[in-house]
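For the sequence shown, position 83 matches number 747 in the working numbering, and the numbering has no gaps at all. Working notes for the structure below.
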Amino acid sequence: MKFSLGTLLLILTVFALAVCLFVTRAELAKKTAQLDSFRNELRYLTIDDETKINVISIPAVGRKSWRWRIFLPQDHRFTLKVGFDDVPFNGLPLPAQRITRCELPSGESILTASLNKENGEWGLSLHSESNGTQNFSYVQEINAENTEWLDKRGGCSVQIAGDSQTDAGDRELPFRLLSYRDGLTPAPGVTATNPNPTDGVALRIEPVLTNN
């Protein structure tokens with residue numbers, strides 16, 4: 665089979681363009697991965713789907729304080745719920761108490777949760793802001809059967825949403841932000857995770873349903 669010079673040049677041009685396109689796509693994928701890595705290091709949200717709940721943890725001040733950068737879908741309402749007794753290792757404690765004054769805004773916001781003790785009573789402080797404007801600031805009394813474990817300096821296990829990267833969840837389902845649980849002490853100076861439901865604090869985002 666013979667090719668004219670014009671046909672041969674066209675084939676070579678198409679081949680060169682295909683190679684360039686492949687290299688460009690490979691470089692773009694590499695740069696995108698690097699950008700996601702930088703965003704994680706700087707604790708910015710990486711949102712692939714704006715119809716989902718998106719959360720990443722950010723640095724907080726204090727041993728019993730946590731902060732998150734949160735993105736919530738538009739045209740939906742979300743509130744915070746908290747549980748204190750029989751907090752499981754996985755999943756969500758039921759029932760959980762709805763914090764009626766703490767409805768989270770759609771779009772991006774920052775939520776801070778802190779465990780504080782005043783006048784001998786433990787409370788969960790919650791503060792939300794968007795672009796420097798306060799959405800709410802509220803202290804929820806920890807009306808648990810046992811709060812003595814909170815006085816320990818260690819021996820607790822914690823699971824934090826978005827601890828390593830942006831976590832995403834279905835907007836129609838509860839989304840666990842925090843599980844802070846009393847741990848086991850099998851030997852002096854040794855702490856182990858309790859696999860059974862135990863005393864703890866579990867904080868979650870929950871969609872507001874029409875019958876709530």
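Every residue gets a Cβ at the ideal spot worked out from N, C-alpha and C, and that includes glycine. In this text, all values refer to a predicted model and were calculated from it rather than measured experimentally.
{"query": "Cβ pair count under 8 Å reaching 3, the region 773-791 against the region 822-833", "result": "no"}
{"query": "Contact set for ALA808: own chain, Cβ-Cβ below 7 Å, skip 5 residues either direction", "result": "PHE748, ASP749, ASP863"}
{"query": "Cβ-Cβ separation, ALA760 to ARG868 (assumed contact under 8 Å), whole Å", "result": "7 Å"}
{"query": "Alpha-carbon to alpha-carbon, LEU674 and PHE686", "result": "18 Å"}
{"query": "Segment limits, beta strand (DSSP E) that includes ALA866", "result": "864-871"}
{"query": "Nearest residue (CA-CA) to ARG765, options TRP786, GLU785, SER778, HIS791", "result": "HIS791"}
{"query": "Cβ neighbour criterion (16 or more within 10 Å) applied to ASN876", "result": "Only weak support is given to the placement of ASN876: the predicted model assigns it a pLDDT of 48, under 50, and the value that follows is read from those uncertain coordinates. Counting Cβ neighbours within 10 Å, ASN876 comes out exposed, since fewer than 16 surround it."}
{"query": "For ASN780: DSSP bridge partner residues", "result": "GLY787"}
{"query": "Counted within 10 angstroms of its Cβ, other Cβ atoms place GLU870 as buried (16 or more) or exposed", "result": "buried"}
{"query": "GLN804: first and last residue of the uninterrupted beta strand (DSSP E) it sits in", "result": "797-805"}
{"query": "ILE717 versus ARG707, ARG727, ARG733, SER729, residue with shortest Cα-Cα distance", "result": "ARG733"}
{"query": "For SER743, the first and last residue of its enclosing beta strand (DSSP E)", "result": "The residue asked about is misnamed: residue 743 is Thr in this sequence, not Ser. THR743 -> beta strand (DSSP E) spans 742-747."}
{"query": "Through-space distance from SER843 to LEU744, alpha-carbon basis", "result": "14 Å"}
{"query": "Burial state of PRO852, where buried means 16 or more other Cβ atoms lie within 10 Å", "result": "exposed"}
{"query": "Short Cβ contact (8 Å threshold) for PRO838 with VAL751", "result": "no"}
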